[in-house]
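Novice: Just add 8 to wherever you are in the sequence shown, counting from 1, and you've got the working numbering. Just so you know, even glycine gets a beta-carbon here, dropped at the ideal spot from N, CA and C. Predicted model only: the values in this text are computed from it and were never measured.
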Amino acid sequence: MPWELGEGVASWVQGDEEPVLSYVALIADSAGIRRFSLKGGARHTPEDLALLVRTAAAYPLSAAPPARPSILHVADDRLAHALREMVSDLPMQVAAGPTLEVQEALRWFRIHLGNQESSPFLSACAPAEVAACFDAAERFYAARPWQRFAADTYVAMRVNDGPWAFLNVMGHNEQEPGIVFFADWLAVCRFVANLDLEATLGLPGNPDRLVAAAAGLEAMTLCPLYALHPEDADLVLRLGCRPVRDALYPLPHRYEAEPFVPLPPRFPLATYTLALESIVKVLAGQPGRRIRKVEVAYDLRGTRVELRYPARGDEDAPADSGRYRVTVLRKRGKAIGIEAGGDCTLADLACELGLFHTRSLVRGFGQGQSCLWQNVGGLSGPCPRLYHLRDLEAMWVEIGASRHALQITPASS
């Protein structure tokens with residue numbers, strides 16, 4: 009019965025100053041794990057692995073008597089060659105071969121030793137794709153785009169003929185530089201509206217509420233490597249990717265809280281790379297000045313990337329946005345009805361409803377627990393249009409101190 013020898017990343021463990029990766033090396037066969045070794049901060053050397061082979065032969069974990077296999081399988085020829093010389097006095101062959109039992113045992117260790125709630129992201133991508141993203145991020149941070157894009161504006165981005173996504177360049181006042189991704193314009197509006205609500209009420213910032221409102225907020229920010237899943241961090245180290253500031257790496261994250269609405273799919277890593285590269289190209293095309301307007305399309309390795317800035321929220325407008333009947337169900341059975349085009353914004357709608365309430369201000373609109381738009385700071389912020397809301401239920405409008413049910417239905421022809 010052949011033995012198998014392999015090694016893999018296990019989990020983060022506390023080092024002298026900060027967490028370090030731990031690695032598990034183990035020997036297994038069809039009967040289970042023969043012996044294992046845990047090491048923090050570095051992978052096992054060939055000498056470590058040779059000692060593990062000898063220990064497994066003399067002192068197996070199970071109650072079985074000491075034994076040696078006729079053959080030991082390892083994952084690659086280079087390791088096989090190194091071990092062959094170190095255990096040449098043992099009557100066993102060392103060769104590259106299948107290590108399925110080892111891989112299954114490594115999965116078991118990761119499950120039981122790991123303290124990660126998330127799943128690996130980078131290690132599910134091709135190594136070349138990960139390296140390309142880190143290269144693009146290095147150029148992005150060197151270009152310092154937050155010095156040239158306004159803080160409260162958004163970039164509309166479309167890859168090939170896919171849906172429009174929206175980006176915000178962070179880092180103004182040199183705080184948390186990076187880039188935030190929103191799946192659609194409505195996610196932008198939810199995020200800003202709930203941020204405005206907290207500011208209006210004087211509440212302390214609630215990141216979970218903002219993430220829940222935006223439904224799967226994603227960003228690339230500078231973080232220590234231990235913010236990654238252990239398997240992702242191990243890949244970054246093996247690829248030789250470098251931190252861009254002190255010991256901080258440009259890392260992609262998906263922030264999740266109990267969402268108010270269904271979560272969209274996660275952005276592929278390639279989308280991060282394309283966004284970073286496109287922003288750098290915009291800066292190069294308008295050197296030395298504040299970016300005020302962008303309408304460009306780039307061909308990046310055969311992929312078309314279209315950018316519009318500042319985003320208005322109508323980039324995804326259908327050819328015919330239609331007309332809608334907006335009904336406010338007031339208390340005591342009364343109702344207000346307004347008919348408007350699908351491109352009408354909630355800010356425009358607030359002005360229309362204000363004609364019916366000369367003494368009360370339309371303070372905002374929402375759906376369930378989430379705000380969609382808050383009437384603060386003027387009417388120029390991110391605001392949904394009626395066609396964005398046509399499929400939503402449980403909507404409301406806040407007029408004065410009262411909330412009223414809101415219905416948006418197609419207008420009768």
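Tell me which residue opens and which closes the alpha helix (DSSP H) that Thr281 is part of.
Specialist: Looking at the DSSP string, the run of the alpha helix (DSSP H) that includes Thr281 is 277–293.
Novice: Taking Leu225 as the reference, give the member of His180, Arg274, Arg250 with the closest Cα.
Specialist: Per the Cα distances, Arg274.
Novice: Give me the residue from Pro258, Ala227, Pro392 with the minimum Cα distance to Thr353.
Specialist: Comparing Cα-Cα distances from Thr353 to each of Pro258, Ala227, Pro392, the minimum goes to Pro392.
Novice: Are the stretch 100–115 and the stretch 75–86 in contact at 8 Å, needing three or more beta carbon pairs?
Specialist: The stretch 100–115 is in contact with the stretch 75–86.
Novice: With a threshold of 7 Å on Cβ separation, who are the neighbours of Ala265 within its own chain once the five nearest residues in sequence on each side are excluded?
Specialist: Correct list, in chain order: Asp216, Val219, Ala220.
Novice: Quick one: residues in its chain with C-beta nearer than 7 Å to the C-beta of Gly330, no 5 flanking neighbours on either side, listed in chain order?
Specialist: Cβ within range, chain order: Gly350, Tyr395, Pro418.
Novice: Check whether the Cβ atoms of Ala319 and Phe174 lie closer than 7 Å to each other.
Specialist: Closer than 7 Å, so yes.
Novice: By Cβ distance below 6 Å, which residues in the same chain neighbour Gly186 in space, the five residues on each side in sequence not counted?
Specialist: Closer than 6 Å at Cβ, skipping near neighbours: Met178, Ala227, Met228, Thr229.
Novice: State the Cα-Cα distance for the pair Tyr162 and Ala413, rounded to the nearest angstrom.
Specialist: Between Tyr162 and Ala413, the C-alpha separation is close to 30 Å.
Novice: Rounded to whole angstroms, what is the Cα-Cα separation between Ser420 and Leu357?
Specialist: Using only the alpha carbons, I get a separation of about 19 Å.
Novice: Short of 8 Å in beta carbon distance, which residues of its chain neighbour Glu360, apart from the five on each side in sequence? Order them along the chain.
Specialist: The answer, listed in chain order, is Ile346, Ala348.
Novice: Inspect the beta-carbon positions of Val252 and Tyr149 and report whether they are closer than 7 Å.
Specialist: In contact: Val252 and Tyr149 (Cβ atoms closer than 7 Å).
Novice: Where DSSP assigns a beta bridge to His412, which residues make up the other side?
Specialist: Answer is Val405.
Novice: Would you kindly check if the distance between the Cβ of Leu13 and the Cβ of Ile35 is under 7 Å?
Specialist: Yes, the Cβ-Cβ distance between Ile35 and Leu13 is below 7 Å.
Novice: Confirm, please, whether the CB-CB distance from Pro27 to Trp20 is below 7 Å.
Specialist: For Trp20 and Pro27, yes; Cβs fall inside 7 Å.
Novice: Name the residue from Ala50, Ala132, Ser96, Ala90 whose alpha carbon lies nearest to the alpha carbon of Ala278.
Specialist: Looking at the Cα atoms, Ala132 is the closest of the given residues.
Novice: Would you identify the three-state DSSP class for Trp381, choosing helix, strand or coil?
Specialist: If DSSP states are grouped into helix, strand and coil, Trp381 belongs with the strands.
Novice: Report the residue ranges of all beta strand (DSSP E) runs contained in full by the stretch 292–374; include only those spanning at least 3 residues, in chain order.
Specialist: Runs found: 302–308, 311–317, 331–337, 343–349.
Novice: Put Phe157 into one of helix, strand or coil per three-state DSSP.
Specialist: Looking at Phe157 - three-state DSSP - the assignment turns out to be coil, as it is neither helix nor strand.
Novice: Have a look at the DSSP bridge pairing and note the partners of Glu226.
Specialist: Note: Glu226 sits in a beta bridge opposite Phe189, Arg262.
Novice: Give the DSSP bridge partners of Leu29, in chain order.
Specialist: According to DSSP, Leu29 bridges with Trp20.
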